[in-house]
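Numbering (the working numbering), first residue to last: 403 to 625. Ideal Cβ placement from N, Cα and C applies to all residues, glycine included. This report concerns only the one structure given below.
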Ligand SMILES: [Zn+2]
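Here's what the structure looks like:
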């Protein structure tokens, strides 16, 4: 089967598992569960190379932090900065840092959220914080970024499933990222030759993709 179609089906399945999981929890348990998911996803992508997966985590993280902030869960918001030290250690001949010993400074927001019996602390690059924030201190502090070794992964599902738990939760609040319709995926993956054999394909889809695919999706296929 086509990779793109397979990916779509896997994502569809994960979103349906995520929805079942979230619906099995009450409102408060659900928020706690999603915070745990966010915490572990964030730790998982820290210090990893950029990839579509890390990009998705960071995009959803920004939405989730805004959601918590607007929901009134924030108990501390501060400005932090992080200085990336140059390997030269401050040599006046260094071109990378002009001898300052610091080649980049990042400005961040620090947020602390009180979710029932747990506190969660997350940082966001200042340029991503596009909503109004009331700071709880005027002091701008240097980021204290000491985090112990990698955590275990205590969640009852893998990272891809976890990402969809976060995504489906956000979708319920009008954020997140929805899957494209099956029709539009098929439009992309199926060439003219297959389109001519559309009846056979429709029958094949109906037989093989059920129950991942809803009947309405099959009807939607534009040929
Ligand atoms: Zn330098």
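Quick check: the Cα distance between residue i and residue j, rounded to an integer number of angstroms?
| i | j | result |
| --- | --- | --- |
| residue 527 | residue 606 | 48 Å |
| residue 625 | residue 406 | Residue placement at residue 625 is poorly supported in this model, since its pLDDT is 45, which falls under 50; the coordinates still yield a value, given next. C-alpha separation (whole angstroms): 19 Å. |
| residue 497 | residue 488 | 10 Å |
| residue 468 | residue 414 | 26 Å |
| residue 419 | residue 447 | 22 Å |
| residue 422 | residue 514 | 29 Å |
| residue 558 | residue 588 | 32 Å |
| residue 507 | residue 408 | 42 Å |
| residue 521 | residue 475 | 10 Å |
| residue 568 | residue 431 | 14 Å |
| residue 509 | residue 555 | 30 Å |
Let's see if you can read the secondary structure: which residues bound the beta strand (DSSP E) around residue i?
| i | result |
| --- | --- |
| residue 456 | Taken as a continuous stretch (DSSP letters only), residue 456 belongs to no beta strand (DSSP E), being part of the alpha helix (DSSP H) at 454-472. |
| residue 489 | Neither: residue 489 is in no beta strand (DSSP E) and is coded neither H nor E. |
| residue 575 | Where residue 575 is concerned, there is no enclosing beta strand (DSSP E), given that its DSSP letter is neither H nor E. |
| residue 543 | 542-544 |
Under the assumption that residue i contacts residue j (Cβ atoms under 8 Å), give the Cβ distance between them as a whole number of angstroms.
| i | j | result |
| --- | --- | --- |
| residue 424 | residue 570 | 6 Å |
| residue 461 | residue 533 | Not a contact, Cβ separation roughly 15 Å. |
| residue 445 | residue 553 | 5 Å |
Considering only their Cβ atoms, is the gap separating residue j from residue i smaller than 9 Å?
| i | j | result |
| --- | --- | --- |
| residue 562 | residue 416 | yes |
| residue 517 | residue 470 | yes |
| residue 565 | residue 466 | no |
| residue 351 | residue 539 | Residue 351 cannot be examined here, being either before or after the span of the chain that is shown, 403 to 625. |
| residue 523 | residue 512 | yes |
Let's see if you can read the secondary structure: which residues bound the alpha helix (DSSP H) around residue i?
| i | result |
| --- | --- |
| residue 431 | 429-447 |
Report task. Would you be able to state if there are at least three C-beta pairs under 8 Å between the stretch 438-449 and the stretch 496-513? Result -> Here the stretch 496-513 does not lie against the stretch 438-449, with fewer than 3 beta-carbon pairs under 8 Å apart.
Report task. Spell out a yes or no on whether the stretch 452-462 and the stretch 472-489 are touching, meaning 3 or more CB-CB pairs, one atom from each, closer than 8 Å. Result -> With the cut-off at 8 Å, the stretch 452-462 and the stretch 472-489 do not touch.
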